[in-house]
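In our numbering, the protein residues as written are 8 to 96. Note that beta-carbon positions come from the ideal geometry of N, C-alpha and C, so glycine has one too. What follows is a set of notes on a single structure, which appears directly below.
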Amino acid sequence: MAKKRKSVATRLDEVDRNTYTTFCSAANSLSQLYSNAMSQQRLSFQAGERHSLEKLYQWINKQQEEGAGVSTGDIVAYLQVCWFLFPFF
Numbered sequence: 008m009a010k011k012r013k014s015v016a017t018r019l020d021e022v023d024r025n026t027y028t029t030f031c032s033a034a035n036s037l038s039q040l041y042s043n044a045m046s047q048q049r050l051s052f053q054a055g056e057r058h059s060l061e062k063l064y065q066w067i068n069k070q071q072e073e074g075a076g077v078s079t080g081d082i083v084a085y086l087q088v089c090w091f092l093f094p095f096f
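Here it is as C-alpha cells:
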C-alpha cells in the first residue's frame with residue numbers, strides 16, 4: 008500500500024511540474040509577444056512621424072518654388088488643416 012501512495016504522489020509531482028512548466032512557457036511567450044508589440048508600435052510611430060515631416064517638407068518646398076514666403080503661421084495653418092482633414096496624415 009505504501010508503494011501505491013508513493014507512486015500517486017510521484018505522479019502528482021510530475022503533473023505539478025508539467026503544469027508549472029507549461030504555465031511558465033505561456034507566460035514567457037506572452038511577455039515576448041508584448042515586447043514585440045511595443046517595439047513594433049515604436050517603429051510604426053517613428054515611420055509615421057517621418058512620413059509627416061516629409062509631407063511638410065514637400066509642401067514648404069512647393070510653396071517656395073511658387074515664390075510664396077512660408078511663415079510660421081502658414082506652417083501652423085497647414086498642419087491644422089491636415090490634422091483636421093486627414094487625422095492619419
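Pairwise C-alpha distance: residue j and residue i
i	j	result
isoleucine 67	glycine 55	18 Å
leucine 19	tyrosine 41	33 Å
alanine 84	glutamine 53	23 Å
serine 51	leucine 60	14 Å
serine 32	histidine 58	39 Å
glutamate 21	serine 36	22 Å
arginine 49	glutamine 39	15 Å
Supposed contact pair residue j and residue i - C-beta distance, whole angstroms, cut 8 Å
i	j	result
glutamine 87	valine 77	Actually they are not in contact, since the Cβ atoms of glutamine 87 and valine 77 sit about 15 Å apart, beyond 8 Å.
Original post:
Of all the alpha helix (DSSP H) runs that stay within the bounds of the segment 43–67, which reach a length of 4 or more residues?
Top reply: none
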